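Worksheet for the structure shown next.
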Amino acid sequence: MMKELQKRIGHQYHNISYLENALTHSSYANEVRHGVKSNERLEFLGDAVLSIVVSDYIYRNCPNLPEGELSKLRAALVCEKSLCRFAKALGLGKYLKLSKGEKNLKGNERPSILADAFEAVIASIYLDAGMKEAGRFILSFVEPEIKNPKPRAFKDYKTTLQEIIQKNPEEHLSYVLTGEEGPDHDKHFFVEVHLNNNVIGKGGGRSKKEAEQQAAREALELMGY
94 MMKELQKRIG
104 HQYHNISYLE
114 NALTHSSYAN
124 EVRHGVKSNE
134 RLEFLGDAVL
144 SIVVSDYIYR
154 NCPNLPEGEL
164 SKLRAALVCE
174 KSLCRFAKAL
184 GLGKYLKLSK
194 GEKNLKGNER
204 PSILADAFEA
214 VIASIYLDAG
224 MKEAGRFILS
234 FVEPEIKNPK
244 PRAFKDYKTT
254 LQEIIQKNPE
264 EHLSYVLTGE
274 EGPDHDKHFF
284 VEVHLNNNVI
294 GKGGGRSKKE
304 AEQQAAREAL
314 ELMGY
């Protein structure tokens, strides 16, 4: 199966353990134990690589877009909905290592799990072959999105809130994870958005990113936007 996935990715790994780690969900790691590591650290790294590659590409190829529009475009390209779509195009769900409970709940179809796994795969390519190869992989999905844009229902509340707040440079916006509940296969996260030391919005979701978006949405509503 790894050979098949490598063909889909378009990269032959020097160290296949990077890819195997990228496919390992936390539910599987917790169930099997014995030193098996989840893909969460790779997801963290992949998110950063994805952001710089997409930022660099749209900066160079969309010269007429102002900073605010660049931020919105990047947010739409790297949001959970887009990453989930990329993961499905790759057929990533069938290769994921999930716990028995997560498999029964069709975790390989859940948007948050697929999006996180896609970011982990990005990191696995980056660690195995460097930024150039990781960028090639990312842009194979991102370029068609930019050249043939599709209508998106996604609204980036975080970027909208940031644009409003940054008009006052002395103000500081931050997102704080206040809690999480539920088993690994059905986690729910809770986030507050702080303006300086004041809570201006709260949100929850099945991923941290979704919870942050909902917190920003509440803040915008309370501010009258």
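Using my numbering, the first residue of the sequence shown is number 94, and each one after it goes up by one. Cβ atoms here follow ideal geometry from the backbone N, Cα and C, with glycine treated the same way. A quick note: this is a predicted structure, and the numbers were derived from the prediction, not measured.
Check: Quick check on L288: does DSSP put it in helix, strand or coil?; Outcome: strand
Check: From A180 to N132, what does the alpha carbon distance come to, in whole angstroms?; Outcome: 15 Å
Check: Can you tell me which of the three DSSP states E273 falls into?; Outcome: strand
Check: Can the beta-carbon of G194 be found closer than 8 Å to that of H278?; Outcome: yes
Check: Please name the residue in C177, S120, L143 and I293 whose C-alpha comes closest to that of K225.; Outcome: L143
Check: What do you get for H127, buried or exposed, if any count of 16 or more other CB atoms within 10 angstroms of its CB means buried?; Outcome: exposed
Check: Run the CB neighbour count on E273, radius 10 Å, all protein chains shown included, and call it buried at 16 or more, exposed below.; Outcome: exposed
Check: Kindly list the residues whose CB is nearer than 7 Å to the CB of Y45, restricted to its own chain and excluding five residues on each side of it in sequence; keep chain order.; Outcome: Any answer about residue 45 is impossible in this case: the structure gives the chain only from 94 up to 318.
Check: Here's the rule: buried if 16 or more other CB atoms are within 10 angstroms of the residue's CB, otherwise exposed. What is V235?; Outcome: buried
Check: Quick one, which of R299, Y106, Q99 and E285 has its alpha-carbon nearest A208's?; Outcome: R299
Check: Residue range of the alpha helix (DSSP H) that V142 falls in?; Outcome: E133 to N154
Check: So, with DSSP's three-state summary, where would you put L163?; Outcome: helix
Check: Could you compute how far the alpha carbon of N154 sits from the alpha carbon of R229?; Outcome: 15 Å
Check: Do you know offhand how far L138's Cα is from G223's?; Outcome: 12 Å
Check: Out of P237, K240, F211 and I239, state which residue places its alpha-carbon closest to the alpha-carbon of A227.; Outcome: F211
Check: Is P244 buried or exposed, if buried means 16 or more other CB atoms sit within 10 Å of its CB?; Outcome: Summary for P244: the model assigns pLDDT 48, below 50, so the residue's position carries little reliability, and this model does not support an answer.
Check: Just grab the DSSP bridge partners of G294 for me.; Outcome: V286
Check: Pick helix, strand or coil for K100, following the three-state DSSP scheme.; Outcome: helix
Check: Go ahead and label R182 buried or exposed: buried means 16 or more other beta carbons lie within 10 angstroms of its beta carbon, across all protein chains shown.; Outcome: Reading the sequence as shown, one finds Ala at residue 182 and not Arg. So A182 ends up on the exposed side.
Check: L116: which of E160, I215 and I258 sits nearest, CA to CA?; Outcome: I215
Check: Give me the residue from K196, V129, L232 and N201 with the minimum Cα distance to I102.; Outcome: L232
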